[in-house]
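Asker: First the structure, then my questions, so here it is.
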Amino acid sequence: MTESDCLFCKIIADEIPADIIHESPDAIAFRDINPQAPTHVLIVPRRHISTINDLDESDTDAVGQLFLAARNIARQEGFAEDGYRVTMNCNAAAGQTVFHIHLHLLGGRNFTWPPG
Ligand code: AMP
Ligand code: ZN
451 MTESDCLFCK IIADEIPADI IHESPDAIAF RDINPQAPTH VLIVPRRHIS
501 TINDLDESDT DAVGQLFLAA RNIARQEGFA EDGYRVTMNC NAAAGQTVFH
551 IHLHLLGGRN FTWPPG
């Protein structure tokens, strides 16, 4: 499903440019336009799903693919062993601004906990 007014669906459809670093049948990954770490990549399922709240059982493989892509990109970027962070924000209280689920992969620096 493609949502005509969804920014990430437009990137997936090649209607808006992005620095795409990974593509598979289920997901794409591209560099965040406003990076919060030396590496900040967004890993996005091709199928439009607005929020974590909208997931159902048929999405389990698609979501699993996001984590496998994160693992692979962390290796490629060279920080798999040092460590990295993956985050998915859900709705306003968590700061979600693009309503097509995406895994943030952040690496290349140290992170603190708890997050802001
Ligand atoms: P979230 O706030 O979790 O919904 O994350 C949305 C992310 O998308 C933010 O980190 C933005 O910087 C990023 N973003 C917004 N527009 C673009 C774009 N055109 N290309 C790449 N990243 C984008
Ligand atoms: Zn979308």
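Going by this note's numbering, the residue at position 24 of the sequence shown is 474; the numbering climbs one at a time, nothing skipped. For each residue, glycine too, the CB sits at the ideal point set by N, CA and C. Keep in mind it's a predicted model, so treat the numbers as computed, not measured.
1) Decide if the segment 515–530 is in contact with the segment 475–484; the criterion is three or more beta carbon pairs, one per stretch, under 8 Å apart.
2) Cβ of Phe458 versus every heavy atom of ligand 2: is any distance shorter than 7 Å?
3) By the DSSP assignment, the alpha helix (DSSP H) with Val513 in it spans what residues?
4) When you compare the CB positions of Arg525 and Ala512, do they come within less than 8 Å of one another, or not?
5) Between Cys540, Pro564, Gly558 and Asp464, which has its C-alpha nearest Leu505's C-alpha?
Answerer: Inspection of the coordinates gives the following:
1) yes
2) For this step, residue 458 is matched to residue 8 along the sequence shown. Checking every heavy atom of ligand 2 against the Cβ of Phe458, one is found closer than 7 Å.
3) Mapped onto the sequence shown, residue 513 falls at position 63. Residues Thr510 to Glu527.
4) Numbered from 1 along the sequence shown, position 75 holds the residue referred to as residue 525. Numbered from 1 along the sequence shown, position 62 holds the residue referred to as residue 512. Their beta carbons are not under 8 Å apart, which means Arg525 does not touch Ala512 by this criterion.
5) If you number the sequence shown from 1, residue 505 lands on position 55. Of Cys540, Pro564, Gly558 and Asp464, the residue nearest in Cα terms is Cys540.
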